[in-house]
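Engineer:
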Amino acid sequence: MSELAELLQIARRAAVIAGEVIMPLYDAGTAVELKADRTPVTIADRNAELAIREFLARECPGHGILGEEFGETPGDGRHRWILDPIDGTKSFIHHVPLFGTLVALERDGVPVAGVIACHAVGETASAAQGLGAHLNGEPCHVSATSEIREATITMTSFSRMLRGRSAGVARLVQECGLTRAWGDCYGYLMVATGRADVMLDPVMSIWDAAALYPVIREAGGGFSQWDGTPLLGDSVVATNGVLHPAVLQALAVAPE
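Note that the working numbering has the sequence shown beginning at 38, numbered continuously upward.
(1) Please name the residue, chosen from A287, V252 and Q286, that lies closest to P176 on a Cα-to-Cα basis.
(2) Between the Cα of G125 and the Cα atoms of G151, D221 and L87, which residue gives the shortest distance?
(3) Compute the beta-carbon to beta-carbon distance between T138 and P122, rounded to the nearest angstrom, for a pair I have assumed lies under 8 Å.
(4) Beta strand (DSSP E) containing I102: first to last residue?
(5) Quick one: give me the first and last residue of the alpha helix (DSSP H) that R232 is part of.
(6) Over what stretch of residues does the alpha helix (DSSP H) that includes H281 continue unbroken?
(7) Just list the residues that DSSP pairs E143 with in beta bridges.
(8) Grab the span of the alpha helix (DSSP H) containing F92 for me, first residue to last.
(9) If you count every other CB in all the chains shown that lies within 10 Å of the CB of P239, and 16 or more means buried, which is it?
(10) When the distance is taken between beta carbons, is L288 closer than 8 Å to V273?
(11) Return the CA-CA distance between G278 and V206, expressed in angstroms with no decimal places.
(12) When burial is assigned at 16 or more other CB atoms within 10 Å of the CB, is F195 buried or exposed?
(13) Find out if the Cβ-Cβ distance for the pair T189, G224 is shorter than 8 Å.
(14) Look at the alpha carbon of E96 and the alpha carbon of A204, and state the distance between them as a whole number of angstroms.
(15) Would you give the residue range spanned by the alpha helix (DSSP H) that F195 belongs to?
(16) Quick check on DSSP: helix, strand or coil for F260?
(17) Give the DSSP-derived three-state secondary structure of A157 in the structure shown.
(18) One question on the structure: do E91 and E106 come within less than 8 Å of each other, judged by their Cβ atoms?
(19) When the distance is taken between beta carbons, is A275 closer than 8 Å to G258?
(20) Does the Cβ of S294 have 16 or more other Cβ atoms within 10 Å, making it buried, or fewer, making it exposed?
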């Protein structure tokens, strides 16, 4: 087994450990606090990240770790784990099962392995550079949809989508076959498995996006920022690849 395959196994195990912390609290309910930026956080977010950090420190000593809840622990400068213990905390606290744990491994500044673990629906998408993408251990691939008018486009928050890009988003909504807000990380799992064709998020942090990059790309899809830059940034457009140019063209439409 290659080193990267072994590291992907570690990433999957880290996500399982997070799920073991999260799901009892999801089932029982837990108190919600607001962070300084007014986004919600729960004990499940914090305890899950702590559990992953402890596991990774044991399995990969020397690797850096960056997590949403507890910041950065420097490492060897080459490897860095990037964690979002609960991507979709708002879904989590509303008992909507579209949340998940995101675990990414960055090597030399590029995400080379990623896991999207949607615990409440029992589905985990994972991938590593050159090793393909898998859903619950079975190979998965993006759709073959080639026309926007036949595409299913999903997003996390429709109201957020309209801020600053309303003309382009409105055009896509009008022209596509179906628009839904099957959001948070589950939307990206849907693109990677061919259930949806496009997933859009206009505002993203690195812990939101890092795990998505290898999963979408290894599933055969397209991944970029809204301006078309094919790297991690502060926004994400994920598609089946075929539709990527048309989506970016639509998003670039200026307001009338």
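Beta carbons are placed, not taken as given, at the ideal position from N, Cα and C, and that holds for glycine.
Structural biologist: Quick answer:
(1) V252
(2) D221
(3) About 6 Å; that satisfies the 8 Å criterion.
(4) G101 to G104
(5) Premise fails: R232 is in no alpha helix (DSSP H) and is neither H nor E.
(6) First-last of the alpha helix (DSSP H) with H281: H281 to L288.
(7) Residue pairing by DSSP places E143 opposite R117 and P148 in a beta bridge.
(8) I80 to E96
(9) The C-beta of P239 has 16 or more other C-beta atoms within 10 Å across all chains shown, which makes the residue buried.
(10) no
(11) The straight-line gap from Cα to Cα measures roughly 18 Å.
(12) Result: exposed.
(13) no
(14) 48 Å
(15) If you look at F195, you'll find it in the alpha helix (DSSP H) that goes F195 to M198.
(16) Correct three-state label for F260: strand.
(17) helix
(18) no
(19) yes
(20) Any question about residue 294 goes unanswered here, given that the chain covers just 38 to 293.
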